[in-house]
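Here the sequence shown is numbered in my numbering, starting from 3 and rising by one per residue. Note that beta-carbon positions come from the ideal geometry of N, C-alpha and C, so glycine has one too. Working notes, structure below.
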Amino acid sequence: MPCCPCRIGYQDGQYVLPPLPYDYNALEPLMDEATVRLHHDKHHAAYVAGANAAAAKLRAIAEGQVDASLTTPETRNLSFHVSGHILHSIFWTNMSPTPKKTPEGKLAEAINARFGSFEAMMNVFKNVAAGVEGSGWAILGWEPISGQLAICGAEKHQNLEMPGLVPLLVCDVWEHAYYLLHQNNRKAYIENFVQLINWADVEQRFQEATC
3 MPCCPCRIGY QDGQYVLPPL PYDYNALEPL MDEATVRLHH DKHHAAYVAG ANAAAAKLRA
63 IAEGQVDASL TTPETRNLSF HVSGHILHSI FWTNMSPTPK KTPEGKLAEA INARFGSFEA
123 MMNVFKNVAA GVEGSGWAIL GWEPISGQLA ICGAEKHQNL EMPGLVPLLV CDVWEHAYYL
183 LHQNNRKAYI ENFVQLINWA DVEQRFQEAT C
């Protein structure tokens, strides 16, 4: 397997919306078609459009075509939209209608070394997802400074708790991810999400992050 980051969301100098790796209704009944369609085609697509708009504006600023006073707000826009695009691109591939249920190999060894067991890690992950204030994400990632796995919560998209953390598994807890089916029951949504986790995808991301 090649040792390189996944770039399915960028092509020919533009951020692009990757197609879903399954049908809109493939995750039912745990995740409903209406939510998946709205989430992917509207919300995720809006982050892609926002990222391209902010990048274009920053290029224009750099070339002297636009007032430099817009640098700070456009930099913030780029951070917000690109962070959302990246995390959503991971989120869709982290799920599968026919998932591998548990990790194996080196990822399983790393989980046991860091958390003691798979069950303990999942307990931490679900509690972090439930505890994110407002909107955001739960993230299991590879922390390169310590050389071990870490779990953190991220508010909004860009406010990651650990700069440099390589996301491997992400759970979107913005209300648009679950409100049509689960309404305000975030914990029920999280329990459904973890049943859809495709550990084969997480293993691949772990291999790429640690090679």
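Please report the Cβ distance between Leu-170 and Met-33, rounded to the nearest whole angstrom; I am assuming they are in contact, meaning their Cβ atoms lie under 8 Å.
No, Leu-170 and Met-33 are not in contact; Cβ-Cβ is about 20 Å, not under 8 Å.
Tell me Asn-161's beta-bridge partners as DSSP assigns them.
Beta-bridge pairing links Asn-161 to Glu-157.
Taking the alpha-carbon positions, what's the Asn-186 to Ala-131 distance?
Cα-Cα distance, rounded: 14 Å.
For Glu-145, which beta-bridge partners are listed by DSSP?
Partner(s): Gln-150.
To the nearest angstrom, report how far apart Tyr-180 and Lys-108 are at their CA atoms.
Roughly 32 Å between the two C-alpha positions.
Does Asp-43 pass the burial test, meaning 16 or more other C-beta atoms within 10 Å, or should it be called exposed?
Exposed.
Kindly confirm or deny that the segment 52-69 and the segment 144-163 touch, where touching means at least three C-beta pairs closer than 8 Å.
The answer is no - the segment 144-163 does not touch the segment 52-69, with fewer than three Cβ pairs under 8 Å.
Considering only residues of the same chain and omitting the five flanking positions on each side of His-83, which have a CB-CB separation below 7 Å?
Contacts found: Tyr-49, Gly-52, Ala-53, Ala-56.
Can you give, in chain order, each stretch of the beta strand (DSSP E) that sits fully within the segment 83-144 and has at least 3 residues?
Counting only runs of 3 or more, we get nothing.
Would you mind working out which of Pro-31, Val-172, Ala-47, Tyr-17 sits nearest Pro-99, comparing C-alpha positions?
Nearest C-alpha to Pro-99: Pro-31.
Taking just the CA atoms, how far does Trp-94 sit from Ala-112?
Between Ala-112 and Trp-94, the C-alpha separation is close to 23 Å.
I need the boundaries of the beta strand (DSSP E) containing Val-168, first residue and last residue.
Segment 168-174, the beta strand (DSSP E) holding Val-168.
How about Ile-192 and Lys-102: do their beta carbons lie closer than 9 Å?
Not closer than 9 Å, so no.
Distance check for His-178 and Ala-58, CA to CA, integer angstroms please.
Each residue's alpha carbon lies about 27 Å from the other.
Would you check if the distance between the CB atom of Phe-208 and the CB atom of Met-97 is smaller than 9 Å?
Result no, Cβ atoms of Phe-208 and Met-97 do not sit closer than 9 Å.
So what's Gln-206 in DSSP terms, helix, strand or just coil?
DSSP places Gln-206 in helix when its eight states are reduced to three.
Can you say whether Gly-149 is buried or exposed, counting buried as having 16 or more other CB atoms within 10 angstroms of its CB?
Its Cβ having fewer than 16 others within 10 Å, Gly-149 is exposed.
Under the DSSP definition of a beta bridge, which residues are partnered with Tyr-49?
Its beta-bridge partners do not exist; DSSP assigns none.
How about Ser-137 and Val-175: are their beta carbons less than 9 Å apart?
The answer is yes: Cβ separation under 9 Å.
Taking all protein chains shown into account, decide if Asn-200 is buried (16 or more other Cβ within 10 angstroms of its Cβ) or exposed.
With 16 or more other Cβ atoms within 10 Å, it is buried.
What's the call for Cys-213, buried or exposed, on a 16-neighbour Cβ count within 10 Å?
Cys-213 is exposed by the Cβ-count criterion.
Using only the alpha-carbon positions, how far apart do Ala-190 and Ser-85 sit?
Spanning the two alpha carbons is a distance of roughly 25 Å.
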